[in-house]
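**Student:** Numbering (my numbering), first residue to last: 903 to 1086.
Glycine included, C-beta positions come from ideal geometry on N, C-alpha and C.
One structure, as structure tokens, below. Some questions next.
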């Protein structure tokens, strides 16, 4: 990042005055994901309506942090990072950090902003004495996979989704063909 670009961006904690801008960013991101990842769950109209409340709640929640990247030259938010501390009574460690969302607008990528945003989230986790982190990303998003791998994340679980009618059709086809299924 050039010195000019270095001073162009500012990372800070979101405030209630950011809510409408954040809601718009979320909806723009949803449109991008609709075109990129056919299997990803998508928000419905009710959630779209509640998106500003969602961000208000994250800003007010002490167990969460919502960081934003401001482009000072345009007075626009160009990136967001959302993280939360969760507690799991049945596991060790019992406190877990979850990176829920990190996104930089496409025109502002490749400038190191994502890494700086993640550093802000890591600072939040350190302040809350979190030792273990999780992150979720779309399988087909090679850019995200590369980023999280470079930052030390390694996949250990796979979440797969399918439509019930597709599973049923495959099940019926297989059971008709060989008389049953073997489960492992």
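Answer yes or no: do residue 982 and residue 910 have a C-beta to C-beta separation smaller than 8 Å?
**Tutor:** Cβ distance not < 8 Å, so residue 982 and residue 910 don't count as in contact.
**Student:** Among 1040, 1027, 1028 and 1002, whose alpha-carbon lies nearest the alpha-carbon of residue 1061?
**Tutor:** It is 1040 whose Cα lies nearest to the Cα of residue 1061.
**Student:** Does the structure place the stretch 916-923 close enough to the stretch 1021-1034 that three or more beta carbon pairs sit under 8 Å?
**Tutor:** Judged by Cβ distances under 8 Å, the stretch 1021-1034 makes no contact with the stretch 916-923, as fewer than three pairs qualify.
**Student:** Using beta-carbon positions only, say whether residue 865 and residue 914 come within less than 8 Å of one another.
**Tutor:** Since the displayed the chain opens at 903 and closes at 1086, residue 865 lies outside it and no answer follows.
**Student:** Going by DSSP, what residues sit across from residue 988 in a beta bridge?
**Tutor:** Paired residues: 998.
**Student:** Extract the residue ranges of the beta strand (DSSP E) inside the stretch 1011-1079, only unbroken runs of 3 or more that lie entirely within it.
**Tutor:** Whole beta strand (DSSP E) segments, 3+ residues: 1035-1037.
**Student:** Looking only at C-alpha atoms, which of 1009, 972 and 965 sits nearest to residue 1000?
**Tutor:** With distances taken between Cα atoms, residue 1000 lies closest to 965.
**Student:** Quick one: what's residue 949 bridged to in DSSP?
**Tutor:** For residue 949, which the question treats as bridged, DSSP gives no partner whatsoever.
**Student:** Going by DSSP in three states, residue 915 sits in which element: helix, strand or coil?
**Tutor:** Three-state DSSP puts residue 915 in a strand.
**Student:** Give the C-beta separation of residue 1015 and residue 971 to the nearest angstrom, bearing in mind that I take them to be a contact with Cβ-Cβ under 8 Å.
**Tutor:** That belief holds up - the Cβ atoms of residue 1015 and residue 971 are roughly 5 Å apart, short of 8 Å.
**Student:** For the beta strand (DSSP E) containing residue 972, list its first residue and its last residue.
**Tutor:** Taken as a continuous stretch (DSSP letters only), the beta strand (DSSP E) holding residue 972 covers 966-973.
**Student:** Would you call the CB atoms of residue 1053 and residue 1020 closer than 8 Å?
**Tutor:** Contact: yes.
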